[in-house]
Amino acid sequence: MSICSIGAFGTKYVHLTPVPSTLWILQDTTYLLSIDNIVADASLPIGNTLDIKMRQRSGSEQAWVTITQGSPTVVSFTPTNTLAVGQYSVILESYDNNGGVFSTLKSDTVTVNVLPAECSQALSQSSTFETTQPIVVVKEYSPTIYYPEELFNGPHTYAGYSCGGTYTQSIAISTPTAGVVLTDQPTGADLRPKIAVSSSAPTGASFTLTFTGRYVHAPLSIDVTASFTQTFKIKTVFSTDYLEQPTISHSLTSAGLTFTVPPSVAGATPPTHSLTASDFTVAYPIKAGTTDAIGNTPPAITPAPFTSFSSAFIVKGQSSLGTSTLTTPQGSLNAVGISGSLSPGDTVSFACDPWTSKIALTTMTKTLDFSNSVEQNFKASI
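Position one of the sequence shown corresponds to residue 928 (the working numbering), numbered consecutively onward.
Structure (structure tokens):
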């Protein structure tokens, strides 16, 4: 009995580097698999008289698989876009090319998953936010901002076939903000990254979130990411969502709102006129309906004080003094001394400076413009 006979019929054969049992290949791509020739899995070598070759099993050949003999042998997988997406078995046989028998010494089965070319596509944004300006969040609702369920399209959302691989998503916040809590890797049933805004968050503060999606398919060597940023602004429920423009009324007589300019005295301090906040009433008409644009009902509304008294306008209380007609006031009620807010105990003060004997005892009025300390678009005048 020759060594060749022992090699053919009594020895187990192996590849020093195992042949992979599974491959993932995209349509219209080529995958080259190098396979070393078999050797005996025993101390007895095959012998130099064997000529090891490789072939596909007869009757199960795949036309898109070709073999280039050598050491190593190279198997080329080239599925075109006309090949149906799916799973295929490729049976590779190692045999002895001597003697005309060509007996199979070892067979290897490779399961090939043919995937559509779309499985290599980049991630694209499928859900949009209002990126041209900050999204306003009302802190009294203690809102939670979740990562959208399908923010990015990609291989993980390809409708025609399951590409496999893994898709992960994360949120990063630009600057830590009090009352804004990031949970990027939550546990439990809901695994969506999220941002929670508490009622203690500072009104007017802004923060920027970066939403990132990542798709990885290791066998295909695919690793793609996409991200976008969105700015959010925190506001209080005291807003135009529920309220009309406020009105300010007073309980003063006309004399209480009128400044009579006394005669000037050299070196004298310009006179000051004061009104207390208790003299005023601020009314906030609530809009028709009790919900905002997205159906939220307002919690208890506590209006913030009115502040920021703007420069005033002088209106002549009378158009003539004696026989002389005044076309314009000769003095001004300026912004110096204006302070306080429309809160209990505060005083609104303003001064008349300069003033001259030309307008002594002239009655003038001053228009006060107020803006709210929280929502600047709330304004009222008296």
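Even glycine gets a Cβ: it sits at the ideal position worked out from N, Cα and C.
With fewer than 16 other Cβ atoms from the protein chains shown falling within 10 Å of its own Cβ, G1115 counts as exposed. E988: not part of any beta strand (DSSP E); DSSP gives it neither H nor E.
Residue pairing for K939: DSSP places it in no beta bridge. Taking 8 Å as the cut-off, the beta carbon of Y1015 is found closer than this to the beta carbon of V1041.
As DSSP reads the structure, E1020 sits in a beta bridge with R982, S1034. Around the CB of F1297, 16 or more other CB atoms lie within 10 Å, so the residue is classed as buried. Assignment of D1206 by DSSP, reduced to helix, strand and coil, places it in the helix class.
Cα atoms of A1153 and G1131: separation of roughly 30 Å, rounded to the nearest angstrom.
T949 and A1099 have their C-alpha atoms roughly 37 Å apart. Contact between the stretch 1027-1036 and the stretch 1131-1140 is absent: fewer than three C-beta pairs spanning the two stretches fall below 8 Å. In the three-state scheme derived from DSSP, where H, G and I count as helix and E and B as strand, S1154 is classed as strand. Under DSSP, the beta-bridge partners assigned to H1144 are I1149.
In terms of CA proximity to T1093, I1149 leads the group I1149, K939, V1012, T1059. Rounded to whole angstroms, the Cβ separation of R1141 and T1095 is 5 Å, and the two are in contact under 8 Å. Q1112 has its alpha-carbon roughly 24 Å from the corresponding atom of I1161. Annotated three-state conformation of T1137 is strand, per DSSP. Burial is judged here by how many other beta carbons sit within 10 angstroms of a residue's own beta carbon; G1081 has at least 16 and is buried. Under the 8 Å Cβ criterion, the stretch 958-968 counts as touching the stretch 1000-1016, having at least three qualifying pairs. With a cutoff of 8 Å on beta-carbon distance, L1109 and S1047 are scored as not near each other. At the C-beta level, V1151 and L1050 come within 8 Å of one another.
DSSP places T1071 within a strand segment (E or B) once states are collapsed to three. When T956, H1177, Q1172, V1065 are compared, the shortest CA-CA separation from S1127 is found for V1065.
Contact between D955 and N1008 holds, with the beta-carbon distance rounding to 5 Å and staying under 8 Å. With respect to V992, V1012 sits apart: the two C-beta atoms are not nearer than 8 Å. Boundaries of the beta strand (DSSP E) harbouring L1109: 1107-1110, taken from the DSSP string. Relative to the Cα of G1091, the nearest Cα in the group F1305, T995, L1147, T944 belongs to L1147.
Judged by beta-carbon spacing, I1062 lies beyond the 8 Å limit of F1155, meaning their Cβ atoms are not closer than that value.
Judged by DSSP in its simplified three-state form, S1047 adopts helix.
Burial check for V1107: the Cβ neighbour count within 10 Å reaches 16 or more, so the residue is buried.
Going by DSSP, H1177 is part of the beta strand (DSSP E) stretching over 1174-1177. Close CB contacts of K980 within its chain, under the 7 Å cut and outside five residues either way in sequence, are with Q996, Y1022, N1024 (chain order). Exposed is the label assigned to L1118, since fewer than 16 other Cβ atoms lie within 10 Å of its Cβ. By the CB criterion at 8 Å, P1212 and L1170 fall inside the cutoff.
Boundaries of the beta strand (DSSP E) harbouring F1004: 1000-1004, taken from the DSSP string.
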